[in-house]
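Chains X and E are the protein sequences, given in the same order. Numbered by my numbering, the letters in the first sequence go through residues 41 to 156 in order. Numbered by my numbering, the letters in the second sequence go through residues 17 to 126 in order. Only one structure is covered here, and it is reproduced in the block below.
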Amino acid sequence: GAGVSQSPRYKVAKRGQDVALRCDPISGHVSLFWYQQALGQGPEFLTYFQNEAQLDKSGLPSDRFFAERPEGSVSTLKIQRTQQEDSAVYLCASSLVVGGDTDTQYFGPGTRLTVL
Amino acid sequence: LAKTTQPISMDSYEGQEVNITCSHNNIATNDYITWYQQFPSQGPRFIIQGYKTKVTNEVASLFIPADRKSSTLSLPRVSLSDTAVYYCLVGPPGRRALTFGSGTRLQVQP
Chain X
41 GAGVSQSPRY KVAKRGQDVA LRCDPISGHV SLFWYQQALG QGPEFLTYFQ
91 NEAQLDKSGL PSDRFFAERP EGSVSTLKIQ RTQQEDSAVY LCASSLVVGG
141 DTDTQYFGPG TRLTVL
Chain E
17 LAKTTQPISM DSYEGQEVNI TCSHNNIATN DYITWYQQFP SQGPRFIIQG
67 YKTKVTNEVA SLFIPADRKS STLSLPRVSL SDTAVYYCLV GPPGRRALTF
117 GSGTRLQVQP
């Protein structure tokens, strides 16, 4: 596709529910990133995939957060037993490669999660 | 990682030139300076990247002095559609986790 797409764009969950957020990266992009953006703040890194391998998950805030990219393309960020502090915009980005100069990350529009 | 400091907000009028300065006193030798733009309800978008002196593209110019402890993003003749948050990022090329900070909220008035 033309850019990174994410679905759903908006998600409302009751506290304790599980949610799954989807990211479709730009076709052919090797690297995929997830970020969390709280209201009024800049995005914060959550996790990174190179193809299907999750190489860095240092930013995941708790073991309730889980991400996967089983076939090296589409990725899903899952949050179990959602809490109010999980309310944020979740951004997905992809890049052609990592390393060297071509590391520009292209971001999707994000999924706004509201936990009631 | 080099810490960056930029103004929280700026106001301008259509047609003016806007300069947003970012301080990064502890920038490392192999660090690049990158600016992203974020509109409401959208993800950040890469604007420009540089290492030293001056870089210009169709969107903006980036000025970096010799000591590289600061940089200035210059937006020529802004329009209402330039209203956005602008982030200054400093780090090595090929880095995985981008560190955004709080950014500068630019409001362009008619």
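C-beta atoms are modelled at their ideal positions from N, C-alpha and C, and glycine is treated no differently. Keep in mind that this is a model prediction, so the values were computed, not measured.
- Looking at E:123, E:76, E:82, the one whose alpha-carbon comes closest to that of residue 97 (chain E) is E:123.
- Of the candidates E:76, E:101, E:86, E:108, E:76 places its Cα closest to the Cα of residue 93 (chain E).
- In this model, residue 72 (chain X) and residue 52 (chain E) are separated by some 18 Å (Cα to Cα).
- Against chain X, the beta carbon of residue 113 (chain E) has neighbours under 8 Å at 73, 85, 88, 96, 98, 99, listed in chain order.
- For the set X:93, X:92, X:123, the Cα lying nearest the Cα of residue 103 (chain X) is the one of X:123.
- Of the other Cβ atoms in all chains shown, fewer than 16 fall within 10 Å of the Cβ of residue 79 (chain X); this residue is therefore exposed.
- A contact between stretches requires three or more CB pairs, one per stretch, nearer than 8 Å, and the region 106-120 of chain E meets this requirement with the region 44-63 of chain E.
- The C-beta distance from residue 153 (chain X) to residue 51 (chain X) rounds to 5 Å, short enough to fall under 8 Å.
- The continuous beta strand (DSSP E) containing residue 93 (chain X) extends over residues 93-96.
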